[in-house]
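Student:
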Amino acid sequence: MPFRRRSRAPRRPRLPDFIGIGAMRAGTSWLRKQLDRHPALWTATPKELHFFDRHFEDSPSAYAAHFAAAPPGALAGEITPAYAVLPGERIATVRRWIPEAKLLFMMRDPVARFWSHARKDFPQFRGKPVDDATVGELADFAQLPDVARRGDYLACLRAWLEHFPAGQIHCAFLEEAAGDPVAVLRAVFEFLGVDPEPGIDRQLAGRRENARAPVPMPGSLREQLEDELYRDMGPLAELLGRELPWGRG
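Structure (structure tokens):
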């Protein structure tokens, strides 16, 4: 009787255990640096894969290729802040492919987040730095759909909560990371299910990433943005079950 090799089930592609979904200009570079310092965690390179928004292929194997280098036994992940504003059908794909994925969502005072966003991207919008912009031009930039959606944390979370249970989403705040980075990191590591202590360097935890010299925001623009961007802070605080570290939450 000829020997028959036992067939093996095809290996499942290595998909991430966690994904950082946002928000843009809210501390995700800091978070990625801290995650990489933990020996039980590994994040893909480059920091922002943009697989589900810019480079989507309807193939889990194509996505898995980004995590092939993850060490055995480590939890693998990626951080792409643009995922915060993914359309519902694409979030549904994430859920279908990685139903147990843990999601990390960094937030920041939405007015400060906007100003950081404007300082980075406004020059491409009007061809000049924010220092030379009028209040009207900056207000127009704030109304751009892609800019406004990134600061609408309530809408972002509601979209993801339509597909993922609340227990799989961990929210953290840049303001609290600046004040007590160790506490913020401990909560993130515990959420991911790893021992916090091996990944916490108390000196490096407080190091800022992508810091820029401060440029004051025009006062009239700040008042306008506070009226607009703080409008949903009460419902956001209610959704999160906690007070917000800024504004009128």
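Residues in the sequence shown are numbered from 557 upward in steps of one, following our numbering. For glycine and all other residues, C-beta sits at the position ideal for the given N, C-alpha and C.
Is the distance from the Cβ of V740 to the Cβ of A722 below 7 angstroms?
Tutor: No, Cβ-Cβ distance for V740 and A722 is not below 7 angstroms.
Student: Taking the alpha carbon of W586 as the point to measure from, which residue in D614, V738, G790, P655 has its own alpha carbon closest?
Tutor: The shortest C-alpha separation from W586 is found at V738.
Student: Rank F747, A668, Q590 by C-alpha distance to the C-alpha of V771 and give the top, closest one.
Tutor: Nearest option by C-alpha distance: A668.
Student: Taking a contact to mean a Cβ-Cβ separation below 7 angstroms, would you say G755 touches F747 in this structure?
Tutor: Cβ distance not < 7 angstroms, so G755 and F747 don't count as in contact.
Student: Bridge partners for W598 per DSSP, in chain order?
Tutor: W598 is bridged to A632.
Student: How many Å lie between A743 and R705 at the Cα?
Tutor: Whole-angstrom Cα-Cα distance: 27 angstroms.
Student: Considering Cα atoms alone, identify which of M580, P801, E656 is closest to I635.
Tutor: Looking at the Cα atoms, M580 is the closest of the given residues.
Student: Below 7 angstroms between beta carbons: does that hold for L660 and L710?
Tutor: No; because the gap between Cβ atoms is not below 7 angstroms, this pair is not in contact.
Student: Contact defined as beta carbons within less than 8 angstroms: I believe G578 pairs with A640. What is the distance between those atoms, to the nearest angstrom?
Tutor: That belief holds up - the Cβ atoms of G578 and A640 are roughly 3 angstroms apart, short of 8 angstroms.
Student: Which partner residues does F661 have in the DSSP bridge list?
Tutor: Answer by DSSP bridge pairing, in chain order: G578, C727.
Student: Taking Cβ to Cβ, would you say L694 is nearer than 7 angstroms to L781?
Tutor: Not in contact: L694 and L781 (Cβ atoms no closer than 7 angstroms).
Student: Find out if the Cβ-Cβ distance for the pair F608, R646 is shorter than 7 angstroms.
Tutor: Closer than 7 angstroms, so yes.
Student: Determine the closest residue to L597 out of G629, F612, Y619, with distance taken between C-alpha atoms.
Tutor: For the residues G629, F612, Y619, the minimum Cα distance to L597 belongs to G629.
Student: Quick one: Cα of V686 to Cα of E765, how far?
Tutor: Those two C-alpha atoms are separated by around 21 angstroms.
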